[in-house]
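Everything below concerns the one structure shown next.
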Amino acid sequence: MEAIPGPSGLPLVGNFFDIQGKVPVQQLEKLADAYGPIFKLRILGRERIFISSVALMEEISDEKRFWKSPGDSVADLQKNPRGNRGLFLAASEEDLDWQQAHRILLPAFGPLGIEEMFPEMYDLAVQLVLKWARMGPSYRIPVTTDLTRATFDTIAKCTMGYRFNSFYSEQTHPFLQAMDAVLSAASDRLKVGSILRQWLPWDNSAKETQAKKAFMSQTTRQMVQSRHGNPEEKRDLLNLMINGKDPKTKETMRDGLIAANMITFLIAGHETTVEAQREVDNVIGHGPITLKELKKLDYLSAVLRETLRLCPSLPEYARSIRSDNPNDVEFLAGGKYAIKRGDKVHCLLAKIQTDPEVYGGDSQVFKPERMLGDAFNRLPMAAWAPFGTGRRGCIGRAFTWQEGLLILAMILQSFELRMDDPTYQMSIRQTLSVKPEGFYIRASLRKGITPESLQYTLLSREKEPTSPSTGQSSDGNAIKAEGKNMTILYGSNTGTCQSLAERLAIEASKYGYDPVVTDLNTAVN
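Just add 202 to the spot in the sequence shown (first one is 1) and you have my numbering.
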């Protein structure tokens, strides 16, 4: 066994000054270059372990030995006086609120549930594209701001039936402003300036952050109360959280927990060009984008994968020994390094996903071809993990993927893009995630397209069926099932089989059957 390497620190503060910089994760990546695939820091009396190789990531992702552990910034966000924590902020899989929310919400994020959100995603993507078209080629597009608005509005509309209408105001929505301030405060908690500021008697930053947290909580609670007072018959996440019952306990979610999870979703959500544009032209052409066509954009999917490989939006996450693991010490690298119970192992994704042992000498080069078909499937599981791993991985992965493909395809279909400043060098701003800072582009409509023709094309599409028929006749009355009884049983973790069972029941009722849909566990019991 060997000691985990790392820089020697100073008395009391340890390695505190080794991580100071505008973008903390970049300081950590420099330390990984200096000390290798695993290193240790001591910061203000607490030890932290960091890994940066695919091999170690494979080991630490073993769900039988380790599980997700909240990092320092997330731990700071967990300080909630009401005690409600959404999926993202739960301390562990043992958290009863996390278990309840996960069981109720997981089916909605299955493949069929996400497909049913396509029309609303399309609507918000159209708003983004039409704004750029109407502003014209001289408009400096604030890429990060506009895409954040699109993502924020899409999540709110698809999951809660709520329109923030971010594109109808020059200023970003107050909720977005509050969210950005809260995330920035959590990310900055170990910076020198933030620590020193806390000792100043006139500093109100902590109170301001708490006030913004309270505003976010109040906003989401009002949305819950509004739905209670004005119920809607729709299959969105808000209805599911209000009316859905935990399949294990048969209990519903309390309003405070619903509001906390709504905040979670709103926080989360947030030569290559020629080839990608050629694929969009070949697959989609000039007409409206459909869900069926979206699934055929293989090269565009590879572009998204490669982008998330080189620039994962969540720069790192932590793992620790499971509480139900009988071992108080686990070993990595063939017994070389000891991980003790209580240790947090931080996985530096940008370093792991550019490991030259897996990706070769050009691992830092943007090369979408490595993410196509069999080449992607042959990669080790831990070599590409921008959405996390295990049960605590991102529940909205399929949602994010469909939204990202749709927006990117619509932009490439409509515009020729160029950088506002050809000499721009990537600058990163870090909160809990990382985003480009000061990055602007200009968008010119492609040949033959005008803002008016683009609007006509995008808004006159025929509605693509993304959900099953409702079992209604042409006059809107339900088709009566006056026939044989039918029991349809399903076993489902992600909701796919449940959705298929419900679709089968609708179709069966049209043929005279009287179907009952239930899960296998209920039938056995």
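Cβ coordinates follow ideal geometry from the N, Cα and C atoms, glycine included.
What you are looking at is a predicted structure, and each value in this text was computed from that prediction instead of being measured.
Rounded separation between residue i and residue j - CA only
i: MET688; j: LEU298; result: 35 Å
i: LEU493; j: LEU550; result: 34 Å
i: ASN375; j: GLY238; result: A small correction: the amino acid at residue 375 is His; Asn does not occupy that position in the sequence shown. Each residue's Cα considered, the two are about 43 Å apart.
i: SER635; j: ARG593; result: 20 Å
i: GLY211; j: VAL560; result: 32 Å
i: PHE533; j: GLY312; result: 35 Å
i: THR720; j: TYR692; result: 7 Å
i: VAL328; j: SER371; result: 16 Å
i: GLU231; j: LYS553; result: 7 Å
i: SER616; j: LEU332; result: 10 Å
i: PRO344; j: ILE643; result: 7 Å
i: ILE316; j: THR602; result: 9 Å
i: ASP576; j: PRO514; result: 22 Å
i: ALA585; j: ASN217; result: 29 Å
i: TRP300; j: ALA725; result: 26 Å
i: TRP269; j: ARG521; result: 5 Å
i: MET319; j: SER340; result: 34 Å
i: LEU506; j: ASP325; result: 21 Å
i: ASN445; j: MET455; result: 8 Å
i: CYS596; j: THR353; result: 16 Å
i: GLY536; j: LYS542; result: 15 Å
i: LYS452; j: GLN302; result: 10 Å
i: HIS472; j: ARG511; result: For HIS472, the predicted structure reports a pLDDT of 49, less than 50, and the residue's modelled location is therefore unreliable. A value from the coordinates is still provided. Cα to Cα, the separation comes out at about 17 Å.
i: PHE417; j: PHE377; result: 8 Å
i: ILE690; j: ALA310; result: 19 Å
i: PHE467; j: ILE357; result: 7 Å
i: ILE206; j: ILE253; result: 11 Å
i: LYS712; j: LYS686; result: 12 Å
i: PRO558; j: ASP622; result: 33 Å
i: LEU722; j: ALA707; result: 16 Å
i: GLN632; j: GLU639; result: 9 Å
i: LYS498; j: THR411; result: 44 Å
i: LYS665; j: LEU308; result: Note that LYS665 scores a pLDDT of 43, beneath 50, so its modelled location is shaky; the value from the coordinates is reported in the next line. Cα-Cα distance, rounded: 27 Å.
i: HIS430; j: LYS436; result: 13 Å
i: GLU265; j: THR591; result: 9 Å
i: GLN222; j: PRO209; result: 14 Å
Rounded Cβ spacing between residue i and residue j (contact assumed at less than 8 Å)
i: ASP438; j: MET381; result: ASP438 to MET381, Cβ: 21 Å. No contact.
i: ASP448; j: ILE306; result: 6 Å
i: ILE215; j: LEU243; result: It is Val, not Ile, that sits at residue 215 in the sequence shown. Going by Cβ atoms, the distance from VAL215 to LEU243 rounds to 11 Å, so no, they are not a contact pair.
i: ARG336; j: PRO653; result: 5 Å
i: ARG572; j: GLU508; result: 7 Å
i: VAL227; j: GLU434; result: The Cβ separation is near 41 Å, so there is no contact.
i: LEU647; j: LEU656; result: 7 Å
Residue i and residue j closer than 8 Å at C-beta
i: PRO570; j: VAL256; result: no
i: LEU607; j: ALA504; result: no
i: ILE523; j: ARG267; result: yes
i: ASP220; j: GLN229; result: yes
i: SER271; j: LYS546; result: yes
i: VAL384; j: LYS414; result: yes
i: THR698; j: PRO490; result: no
i: ARG423; j: ALA387; result: no
i: ILE651; j: VAL225; result: no
i: SER565; j: LEU314; result: no
i: ILE240; j: TYR715; result: no
i: MET323; j: GLU618; result: no
i: LEU502; j: GLU481; result: yes
i: ALA478; j: LEU330; result: no
i: MET425; j: TYR364; result: yes
i: LEU486; j: ALA611; result: It should be pointed out that residue 486 corresponds to Ile in this sequence rather than to Leu. Cβ atoms of ILE486 and ALA611: closer than 8 Å.
i: ILE251; j: HIS488; result: no
i: LEU516; j: PRO588; result: yes
i: THR346; j: PHE641; result: yes
Beta bridge counterpart(s) of residue i as assigned by DSSP
i: ASP721; result: TYR692
i: CYS549; result: ILE253 and TYR519
i: GLU532; result: ILE541
i: THR454; result: LYS447
i: ASP716; result: ASN687
i: LEU243; result: ARG250
i: PHE268; result: ILE523
i: GLY216; result: LEU212 and ILE245
Item to check | Contiguous alpha helix (DSSP H) assignments of at least 4 residues, all confined to the stretch 313 to 387 | outcome: 313 to 317, 320 to 337 and 345 to 362
Next on the checklist: Restricting to runs no shorter than 4 residues, where is the alpha helix (DSSP H) found entirely within the stretch 582 to 661?
Outcome noted: 599 to 616 and 653 to 661
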